[in-house]
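K.L.:
Using this note's numbering, the first residue of the sequence shown is number 15, and each one after it goes up by one.
Got a structure for you, questions after.
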Amino acid sequence: MRDVFVSRDDRFSLAIDDASGRMFASFPVSNGLVDYSEDYELTGEQFAAFVENPAVALGFVEECRRHEHDELLRLQPGTRRGLAS
């Protein structure tokens, strides 16, 4: 994946999977055993709007951190789902 926007302060990124062309909002999580990223698929319209206005993206990312958009996860979590770090 190629990051297009990274917010170090708010700990999220907006990225494109060059192989598939799919777009994602990602943020780090940890489950005590491993640190990894949860990737939430975005539409082209969402991605463009979020890159243009990262404050709007942060609202979406906060909803994802509360598991409000789990249907958009690139990979469904296992039994030991991580918490946003």
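Glycine included, every Cβ here is placed at the ideal spot set by N, Cα and C.
None of the values given here were measured: they were computed from a predicted structure.
Please confirm if the region 80 to 90 is in contact with the region 48 to 66, defined as three or more CB-CB distances below 8 angstroms between the two stretches.
P.N.:
yes
K.L.:
With a threshold of 8 angstroms on Cβ separation, who are the neighbours of D49 within its own chain once the five nearest residues in sequence on each side are excluded?
P.N.:
Excluding positions up to five away in sequence, the list reads P42, V43, G96, S99.
K.L.:
Which parts of the region 53 to 83 are runs of the alpha helix (DSSP H), unbroken and 4 residues or longer, counting only runs that do not cross its ends?
P.N.:
With a minimum length of 4 residues, the continuous alpha helix (DSSP H) runs that stay inside the region 53 to 83 are 58 to 66, 68 to 79.
K.L.:
Could you tell me the alpha carbon to alpha carbon distance between A39 and D23, rounded to whole angstroms?
P.N.:
Using only the alpha carbons, I get a separation of about 15 angstroms.
K.L.:
Which word fits L28, buried or exposed, when buried means at least 16 other C-beta atoms lie within 10 angstroms of its C-beta?
P.N.:
Classification of L28: buried, given that the 10 Å Cβ count is 16 or more.
K.L.:
Rounding to the nearest angstrom, what Cα-Cα distance links S21 and R79 in this structure?
P.N.:
15 angstroms
K.L.:
Count the other CB atoms, across all protein chains shown, that sit within 10 Å of the CB of V18; report buried if there are 16 or more and exposed otherwise.
P.N.:
exposed
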